[in-house]
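One structure is given here, and the rest of the page talks about it.
Residue numbers (the numbering used here): -5 to 300.
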């Protein structure tokens, strides 16, 4: 049995997949197995994975199209290591990632998972100014995590026993929303502490094929509605469902305003309708600053905060 199982769920991403696999093979910790779950790809994914037939640690599991939550769950079910790492086909790891995280989990036996900050890169692999999260959090992060997903999926190593205890990815959430991982981190963080390795060992790729912000926002709102159906969530987090929804409108408005200020205004109005009091929140202030400040000043402030 390997020390870590790596699950890549992929759909028509042969253009990136080889780089992702190579970043796994370059890990300084070599005691891993990788399962590539092909979720009905129609591109050259089978042929690309076949190039790695010489590496017995890599397995290929094709299936008909079922969306990524189901594909990741199949990868989990097909593996047996005590630790599971997730990697999207368009993202990358730096060589020390698994070794650092396995050591961190060994030092914190109560932690359900360990993550790292992610440095964003463009389609060509050039590093961008954005890092997520800018300031990592650890321990009992559930209240903070309920406000926003600060954990990139490709940065996570999770203990299998805890993952199985909470039931894996929720396949009933919107398939293309891109927030099914947030829901899973919340279920884990509600029960156990979370560890972090504060090194940028994960590279998150931004490109034209990324899930659009509209779908991500819809997925986030679905996760919020799911969690706030339990009254205990509002008591634990300290703000209402409407405030949580408003904060996501503010955050998306701020990001959108960096490129298209006029397009951000409808999100501002939605945020105010959901919860006028959130106009005094950090997210709202950041959004309003983005809408009124010159772009040069905005980027300068972002550089100072990362």
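Note that the Cβ used here is the ideal one computed from N, Cα and C, for glycine as well. Quick caveat, the model's predicted, so the values are computed rather than measured.
Extent of the continuous alpha helix (DSSP H) to which residue i belongs
i	result
residue 60	Premise fails: residue 60 is in no alpha helix (DSSP H) and is neither H nor E.
residue 96	91 to 101
residue 208	207 to 221
residue 135	From DSSP, residue 135 is part of no alpha helix (DSSP H); its letter is neither H nor E.
residue 262	255 to 268
residue 35	Looking at the DSSP string, residue 35 is not in any alpha helix (DSSP H), and its letter there is neither H nor E.
Contact check, residue i vs residue j, beta carbons under 7 Å
i	j	result
residue 82	residue 130	no
residue 65	residue 96	no
residue 62	residue 3	yes
residue 205	residue 248	no
residue 28	residue -2	no
residue 241	residue 277	yes
residue 115	residue 19	no
residue 184	residue 218	no
residue 269	residue 246	no
residue 109	residue 210	no
residue 92	residue 180	no
residue 106	residue 182	yes
residue 187	residue 104	yes
residue 126	residue 148	no
Three-state secondary structure (DSSP) of residue i
i	result
residue 52	strand
residue 157	helix
residue 301	In this structure the chain extends from -5 to 300, so residue 301 is not present and cannot be described.
residue 47	coil
residue 128	coil
residue 26	strand
residue 283	helix
residue 177	helix
residue 186	coil
residue 243	helix
residue 111	coil
residue 231	helix
residue 202	coil
residue 14	helix
residue 6	coil
residue 123	strand
residue 251	helix
residue 168	coil
residue 278	helix
residue 273	helix
residue 237	helix
For residue i, the residue or residues it bridges with in DSSP
i	result
residue 144	Note: residue 144 sits in no beta bridge, so no partner.
residue 163	Answer by DSSP bridge pairing: none, since residue 163 is not bridged.
residue 79	0 and 151
residue 86	197
Span of the beta strand (DSSP E) around residue i
i	result
residue 199	196 to 199
beta-carbon residue i near the ligand MN non-hydrogen atom, thresh 6 Å
i	result
residue 142	This structure lacks the ligand MN, and indeed carries no ligand of any kind.
Note to self: Three or more C-beta pairs under 8 Å: does that hold for the stretch 194 to 206 against the stretch 231 to 244?
What the structure shows: no
Notebook entry, point to check: Counting Cβ pairs closer than 8 Å, one from the stretch 64 to 79 and one from the stretch 143 to 160, do we hit at least three?
Noted result: yes
Check: Are there three or more Cβ pairs, one per stretch, closer than 8 Å when the stretch 160 to 176 is compared with the stretch 89 to 103?
Finding: no
Next item on the list: Evaluate contact between the stretch 34 to 54 and the stretch 4 to 15, counting only Cβ atoms and requiring at least three cross-stretch pairs below 8 Å.
Entry: yes
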